[in-house]
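Undergrad: Sending over a structure as structure tokens; questions will come in a sec.
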Amino acid sequence: MRYSRHSALVAALAFARPSIAAESAKPSPSPQADGQVTASASLADGFSASTSGSSQKDAPDGPEQFDPRGQQEESTLWGATGLVRTYAADSGAVGTFRLGLVGSYYTGSGFLCGDCAQPSTATLTTPAIVTHDSDSVSQVGTRLLISATPLPFLEGYGALRFQSTSNDHGNPKVIDTVGDTTLGVKAFMPRDAHRVLGFGGAVDTTLVSSPGGVAFDTANVGIRALGTADFTRAPEGQNPIPLRVHLNFGYVFDNSGKLADDIEQKWESTVKREQRISRIERFGHDINRVDHFITGLGVEGVWSWVRPFAEWTLDIPVNRQSHYCGNNISRNVGDDCLSRAGFAETPSRVTLGARLYPWGAADWLRGLGFLAAVDVGTGGTSSFIEETTPERPWAIHVGVSWAVDSSASLHEKVVEKVVEKALPPPPVRRIEGVVKQAGENGEPIANAVVRYENKSITGMVTNEEGKFQTGPLDPGEYRFSVTAEGFHDGECRATIAEDLAGKPGMDGAGAPAKDERKPAAPAAPAAPAAKDGPAPGAPPTEEPGAPKITTVSCELEPLPRTATINGTVRNADTTLFVEGATVTITDPLGRQLALKTDSEGSFRFGNVPAGKSKLGVEADGYLGAATELTLEPRKDVNTQLAIHERPKTPNVVITPTEIKLKKEVHFLHGSAEVLPDSMALLEEAADVLKTHADITGIEVQGHTDDTGTPEINQKLSTDRANAVRQILVENGVDASRLTAKGYGQDKPLVPNSSPKNKAKNRRVQLVIVK
521 MRYSRHSALV
531 AALAFARPSI
541 AAESAKPSPS
551 PQADGQVTAS
561 ASLADGFSAS
571 TSGSSQKDAP
581 DGPEQFDPRG
591 QQEESTLWGA
601 TGLVRTYAAD
611 SGAVGTFRLG
621 LVGSYYTGSG
631 FLCGDCAQPS
641 TATLTTPAIV
651 THDSDSVSQV
661 GTRLLISATP
671 LPFLEGYGAL
681 RFQSTSNDHG
691 NPKVIDTVGD
701 TTLGVKAFMP
711 RDAHRVLGFG
721 GAVDTTLVSS
731 PGGVAFDTAN
741 VGIRALGTAD
751 FTRAPEGQNP
761 IPLRVHLNFG
771 YVFDNSGKLA
781 DDIEQKWEST
791 VKREQRISRI
801 ERFGHDINRV
811 DHFITGLGVE
821 GVWSWVRPFA
831 EWTLDIPVNR
841 QSHYCGNNIS
851 RNVGDDCLSR
861 AGFAETPSRV
871 TLGARLYPWG
881 AADWLRGLGF
891 LAAVDVGTGG
901 TSSFIEETTP
911 ERPWAIHVGV
921 SWAVDSSASL
931 HEKVVEKVVE
941 KALPPPPVRR
951 IEGVVKQAGE
961 NGEPIANAVV
971 RYENKSITGM
981 VTNEEGKFQT
991 GPLDPGEYRF
1001 SVTAEGFHDG
1011 ECRATIAEDL
1021 AGKPGMDGAG
1031 APAKDERKPA
1041 APAAPAAPAA
1051 KDGPAPGAPP
1061 TEEPGAPKIT
1071 TVSCELEPLP
1081 RTATINGTVR
1091 NADTTLFVEG
1101 ATVTITDPLG
1111 RQLALKTDSE
1121 GSFRFGNVPA
1131 GKSKLGVEAD
1141 GYLGAATELT
1151 LEPRKDVNTQ
1161 LAIHERPKTP
1171 NVVITPTEIK
1181 LKKEVHFLHG
1191 SAEVLPDSMA
1201 LLEEAADVLK
1211 THADITGIEV
1221 QGHTDDTGTP
1231 EINQKLSTDR
1241 ANAVRQILVE
1251 NGVDASRLTA
1261 KGYGQDKPLV
1271 PNSSPKNKAK
1281 NRRVQLVIVK
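So the sequence shown is numbered by the working numbering: it starts at 521 and just counts up by one.
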């Protein structure tokens, strides 16, 4: 049975009372008494910073936070919260109870039978075939949905389904499904106000009764893995987006084929011959003879009064029950078997709709919602297989729901009481700073670590603009040590003045704060005033109700942007170290430096500018080799150079027309990547070209056999010619002497009539053109 059959009725679940947090009346944090403080703040320009300790009581943004929007989490067709068919990996607030009623409708002609058998007189146990014409079908269904969230990570759900299907070609013409019941439970990650991604799982069972029966005859079991990306719960400091995305994967153990077995056994005992139920009966009874993998993707917009959504769900049949599809005994003319079916026969559908909350602002109507949606079948609507029930071409769903949060009224009463008794908050003092490179126009430094030197308070990390902010602090002097990758360590200081307003001889601002800088590197000139705030060391602000801010600027001297290369030179054949080899480096500025390897084949270049550098190595009795390195500032690079012994018998010779390669250049199959066993041959070719500077024009030619298309061979030969040319250039051959050209399969040496001949035609040639 496809998973859209499942409906559920869940028993009453006890609610766990959530903790109540009166965030609107919470006083501001007081200055720390023990040097520890916890704070989180965002400045007007968009950056944020935080410190952790023990004094501040965080705002209620965790799993127990009251959220009126949770009463807009409505049920799917099976009772779990989500869209119409796609489950959400979350739920409403703890203590939320939901009740819903959804009606579905479809009507059409020629859906199940474009040219079908029309029975004249027959019963459930006596099929009869008379005429052939199109059918007329309609289906009306109702689902009673119920769910509850007793714990921050758990939801119980269910639904009770009633459905009536009529078809003028059916026998009987009306099939009623009464009281199919599903019970389920969903587990998920507890709610967090700033976590976007959530995951969970659900398991439910559907109890199915036979036609005309009152007891349950069989049961189906479904399991799902759930994921939800809720962009309305943006990380702290980021703007939320009114969008949620849900992804489901699961499997349904479908045993509804037992109902078909019961019907067919009655036919067999009556008419004494084997007979399969028709697709009309499969559709009316919602019967499958196989299991299904189920997938679903849903997207919804989230606004206070409307939630439009779209989802696509797919049920992939799986013949776990080894059902035998025998068309020779079936009256399902035109039905195919799962073993030959394609995507067109796989049940799937797109659902578009919206949930409306037009009276969400009224307290007594909070939680009342309306559903309007339409299914559009995308598979299994016109091509059918014997193992699954047909998918409706379309269907509409309308519904009404009510969600009650038992914790909401209690929460609001507690908030009101606390607000009445709240005292004016004490003043909040903070330090806001910027870390930047020393100099008049120093660039801000992101990800710098700012630590307290004289206080036991957790440090901070600067944002992309190089800014940081402390939590609430007591008056006094604060020293900060500052470290950042690529810079000398530094230090800066700031003083938060006592609040001396009203004392003789002092103005309302009190004494101004001090600001001193002490970078570890040579001292830098004083920083100018920040463009978006008061100058460093300015007195605290005195706007009514605003935090009192002291600013500070911390400057760091940059470290040199160089790197070190440590390397060894080895014999490519024996892997032994090569002593006395000459290694030459060409740095990004074009400067060259050469040195010789020691007894262990080692060499070292220091203070090399960042960027691309080229290394070349030469040694007596060896072919030259070269490589290119990309250096990052202040990072050591370890490399190993392998050089090949000069062959006793040359593999590269000069003829009047070409630089003859006695061996083949090997490439990765179907690729232009030169294999390592050919590097010695190309290094030898480069050595020959460097010693014969009179040969000023060489065409590096690439050739293939006739395997594959001419277009592919042409491109492959060109790529291989360019790859060989690049290796020759890297090994010291002047690039102006070399051109590369691919000839594809156009110039074979021998006919491509055998594998041996084809191998000869796959080649690289160095042809002398000047």
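Glycine is no exception: its CB is placed at the ideal position from the N, C-alpha and C atoms.
Would DSSP call T1238 helix, strand or coil?
TA: helix
Undergrad: Taking the beta carbon of R753 as the centre, do at least 16 other beta carbons fall within 10 Å, making it buried, or is it exposed?
TA: buried
Undergrad: Could you give the uninterrupted runs of the beta strand (DSSP E) lying entirely in the stretch 667-734, keeping only those of 3 residues or more?
TA: 674-687, 694-708 and 717-728
Undergrad: Which whole-angstrom value is the C-beta distance of T1159 and I1247, which I expect to be below 8 Å?
TA: About 18 Å separates the two Cβ atoms, so there is no contact after all.
Undergrad: Quick one: what's got a C-beta closer than 6 Å to V955's C-beta in the same chain, skipping five residues either side?
TA: I965, A968, T982, G986, V1002 and C1074
Undergrad: Output the boundary residues of the beta strand (DSSP E) element that contains L1202.
TA: No beta strand (DSSP E) contains L1202, which is instead part of the alpha helix (DSSP H) from M1199 to T1211.
Undergrad: If you reduce the DSSP assignment to three classes, tell me which class A579 lands in.
TA: Annotation note: pLDDT 37 at A579 (below 50); position unreliable, coordinate value reported separately. In the structure shown, A579 sits in coil (DSSP, three-state: anything other than H, G, I, E or B).
Undergrad: What residue range does the alpha helix (DSSP H) around R1282 cover?
TA: Segment: none, R1282 is in no alpha helix (DSSP H) and carries neither H nor E.
Undergrad: So, helix, strand or coil for Q1112, using DSSP?
TA: In the three-state reduction of the DSSP assignment, Q1112 falls in the strand class.
Undergrad: May I have the straight-line CA-CA distance separating G899 from D835, to the nearest angstrom?
TA: 9 Å
Undergrad: Would you report the Cα separation of H812 and S1198, rounded to the nearest angstrom?
TA: 53 Å
Undergrad: How would you label H805, buried or exposed, when you count the other beta carbons within 10 angstroms and need 16 or more for buried?
TA: buried
Undergrad: Using a 10 Å radius around the Cβ and a threshold of 16 neighbouring Cβ atoms, would you call R875 buried or exposed?
TA: buried
Undergrad: Would you kindly report the start and end of the unbroken beta strand (DSSP E) that includes F890?
TA: Start and end: L888 to G899.
Undergrad: Between the alpha carbons of I807 and Y677, how many angstroms are there, rounded?
TA: 23 Å
Undergrad: Quick one: give me the first and last residue of the beta strand (DSSP E) that G742 is part of.
TA: T738 to D750
Undergrad: Just how far apart, CA to CA, sit R809 and S624?
TA: 24 Å
Undergrad: Would W598 and T702 be called neighbours here (beta carbons separated by less than 8 Å)?
TA: Cβ distance < 8 Å, so W598 and T702 count as in contact.
Undergrad: First and last residue of the beta strand (DSSP E) that includes I1179?
TA: E1178 to L1181 is the span of the beta strand (DSSP E), which, as asked, contains I1179.
Undergrad: Where do the ends of the alpha helix (DSSP H) carrying F803 lie?
TA: First-last of the alpha helix (DSSP H) with F803: R799 to H805.
Undergrad: Just grab the DSSP bridge partners of A1162 for me.
TA: R1090
Undergrad: How is T1071 classed by DSSP in three states: helix, strand or coil?
TA: If DSSP states are grouped into helix, strand and coil, T1071 belongs with the strands.
Undergrad: When the Cα atoms are used, what is the spatial distance from E1099 to L1151?
TA: 25 Å
Undergrad: Among T669, W823, E594 and V1172, which has the Cα closest to the Cα of E1204?
TA: V1172
Undergrad: Going straight from the alpha carbon of Q758 to that of G979, what length do you get?
TA: Across the structure, Q758 and G979 are spaced so that their CA atoms are roughly 22 Å apart.
Undergrad: What does the Cβ neighbour count give for K1290, buried or exposed, with the cut at 16 atoms within 10 Å?
TA: Classification of K1290: exposed, given that the 10 Å Cβ count is below 16.
Undergrad: With DSSP collapsed to three states, give me the class of V1103.
TA: strand
Undergrad: May I ask you to list the residues that DSSP assigns as paired with F863?
TA: F863 is not bridged to any residue.
Undergrad: Using three-state DSSP, classify L1149 as helix, strand or coil.
TA: strand
Undergrad: Grab me the residues of V723's own chain with a C-beta within less than 6 Å of its C-beta, minus the 5 sequence neighbours each way, in chain order.
TA: I743
Undergrad: Starting from G1136, follow the beta strand (DSSP E) in both directions and report where the run begins and ends.
TA: G1131 to E1138
Undergrad: Do you know whose CA, among V1244, L1258, A1014 and T685, lies nearest T627's CA?
TA: T685
Undergrad: Give me the DSSP bridge partner(s) of Q989.
TA: The partner list for Q989 (beta bridge, DSSP) reads E952.
Undergrad: DSSP three-state call for F773: helix, strand or coil?
TA: Three-state result, F773: strand.
Undergrad: Please name the residue, chosen from R1154, N687, L619 and V1244, that lies closest to S654 on a Cα-to-Cα basis.
TA: N687
Undergrad: CB-CB under 7 Å to R1283, same chain, minus the five flanking residues each way: which ones, in chain order?
TA: E1184 and H1223
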